[in-house]
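Notes follow once the structure below has been shown.
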Amino acid sequence: MATYEDSNDDWWESVPCHFIWDLEKEVTVHFQTVKTNLDSKLETRKVVDWADSACDLLLFRGYLEVSDFVGVQRNSWKAEQFFQEADREAVKTTDELERNAYVTIATADRLWALKKETTERDEVKANERASLLKVLENSWKKYQNNGEKREKIDAYIGTVAAFAMSRLGVLKYKEAERRYRYAMKVLGQSVKSSWCQSLGMLIGRQSKHTAGPSLQNSEIGQEVRFYKKALKIDPYNDSARCDLALALGRIPNHVQEAEWHIQQVDKEYCEIFVKKARFFRGQGEYEKCIKVLSEGKELESLTANFYHQFALVYKDLSKIAYQEGDYQKKREYSEKEEHYLDECLKMDPMNFGALSDKAFSYSMGGQFPAADDLYLHIMREFKSSPFDLLTTQYRYARFIVHRNHQRMNETSAEAFEDMITTACSILSTMGSLGDDTANNKYVQDSKKRLEQYYQTNGEGQKLQELRNRTSPVGF
């Protein structure tokens, strides 16, 4: 019987699947964040019947378990469970070409996972490999000589790649968008609501990286168009309807239309409650926001992001109470914020937003050693996520200034310099600082503080070095 090493037939290694799409390269988000968000989305399948197949999610989730992302502890058994579930999901697909695409990717993914796992002669693995190769050959080569069907299969495969890329940060967005657009062009009436929704989200995320409000408004218009297309295909896609409302809420004179869409949402699962709360919070309607989240607390299955959204509401209310001089209310709101941050971190100890807010809370509460430890922890853990790192470095530098009675010193200067280094690296590789409004503000403030500090202390050489570093990247 042929064993793993005896076979030189490696044709399958060029079949498109997660392992050959270079997904680990140029990733700008933390692996654990990607994994947690996917698991949260999978939870919704327990309470909501999805109109579209979940194969793209299941295949990506399985791949993550045996991928080369930073922080992965490989679990081939768990990966296989996701791949098998994707296989079962593919069988339910009524379109033969779509089913062929999913089976092809699932089988190729499993072969790669098997190759990574198998390092010595193993008859069981050899039999499994032979069986998978037969399945893959049947699916991949079935329509090899039928150009029209082959093109459609490639388009379906492209949407699976696009799903993964859309979760991996800004450097992957353009390619994900291209693949979704190609699928829509090729597949016509077979286009899915979830693809249109994903494309709208991609355009929305990329608009944050576009300089100039006129361009951003134009892209918001495109974002809205694809959400509306998603709803035309599936009027019951409440997740897309919430995304549409959120986008419309950012456009002047469209808030009333946005509110109408929010009122039409009637499904009750965690993702919907979070999105509705985000909408009301964005409009400053905190009573409605708390009402929505309070109703959501009755659900059996909640996510870390749900609790973080609750914390953000009370964070905003705490700021408002402080500005109004109502310090009793501020304390009450701050305590509630702390409670929900803790609840969030119990569920997801690596939730970046909650960790960052917790560190800030420590700082404002005078718990300086705890704040220092937590900021350093976040920077270590999120080193591979450049935008999260940049935000944390800025907040850490500001914390050091706060701890030093609002005065710059050598330690805070070093912290601001670290942040400038990260910003220069991001700009040189990506050409943008992501959410330009916030991140450009951080960079300009950091540079201004450093210039004043070096001028005051007569450190002309460091001042010139700072300007030499920052001028080539435009700030």
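Just so you know, we're using this note's numbering here: the sequence shown kicks off at 1 and counts up by one. Even glycine gets a Cβ: it sits at the ideal position worked out from N, Cα and C.
- In the DSSP assignment, H254 falls outside any alpha helix (DSSP H) and carries neither an H nor an E.
- For K329, the CB contacts under 6 Å within the same chain, skipping 5 residues up- and downstream, are A321 in chain order.
- In the three-state scheme derived from DSSP, where H, G and I count as helix and E and B as strand, A51 is classed as coil.
- Setting aside the 5 residues that flank it on each side, S384 is surrounded in the same chain by V70, each with a C-beta closer than 6 Å to its C-beta; the list follows chain order.
- Counted as a single uninterrupted DSSP element, the alpha helix (DSSP H) harbouring M201 occupies residues S193 to S207.
- Of the candidates I233, A413, N440 and W11, the residue whose Cα lies closest to the Cα of Q455 is A413.
- Looking at R181, L111 and K192, the one whose alpha-carbon comes closest to that of N127 is L111.
- Burial check for K319: the Cβ neighbour count within 10 Å stays below 16, so the residue is exposed.
- Between M165 and the set D234, E223, G188 and Y63, the nearest pair of CA atoms involves Y63.
- Counting along the chain, D154 sits inside the alpha helix (DSSP H) bounded by residues G147 to M165.
- Each residue's CA atom was taken as its position, placing E271 and E465 some 48 Å apart.
- Counting C-beta pairs with one atom in each stretch, the segment 134–145 and the segment 36–47 have fewer than three that are closer than 8 Å, which means they do not touch.
- For G460, the uninterrupted alpha helix (DSSP H) run begins and ends at G460 to T470, by DSSP.
- T392 places its beta carbon 7 Å or farther from that of M408.
- DSSP places S385 outside both helix and strand once states are collapsed to three, so it counts as coil.
- Going by C-alpha positions, Y182 is about 27 Å away from E85.
- Residues of the same chain with a CB within less than 8 Å of the CB of T422, apart from the 5 flanking positions on each side, are P386, L389, L390 and Q393 in chain order.
- Scanning A130, A79, D357 and L248 for the CA closest to the CA of V224 turns up L248.
- Scanning E459, S432 and F416 for the CA closest to the CA of K448 turns up F416.
- Of the residues I420, S53, S40 and A311, the one whose Cα lies closest to the Cα of N468 is I420.
- Under a 10 Å Cβ-count criterion, V66 is classified as buried, with 16 or more other Cβ atoms of the shown protein chains found around its own Cβ.
- Under a 10 Å Cβ-count criterion, W260 is classified as exposed, with fewer than 16 other Cβ atoms of the shown protein chains found around its own Cβ.
- With at least 16 other beta carbons inside 10 angstroms of its own, N351 counts as buried.
- In this structure M364 is exposed. Its beta-carbon is surrounded by fewer than 16 other beta-carbon atoms within 10 angstroms.
- In this structure, DSSP gives M184 a helical state, which the three-state scheme calls helix.
- The beta carbon of A370 sits closer than 6 Å to those of Y362, all from its chain and outside the five residues before and after it, given in chain order.
- Going by C-alpha positions, A245 is about 28 Å away from E343.
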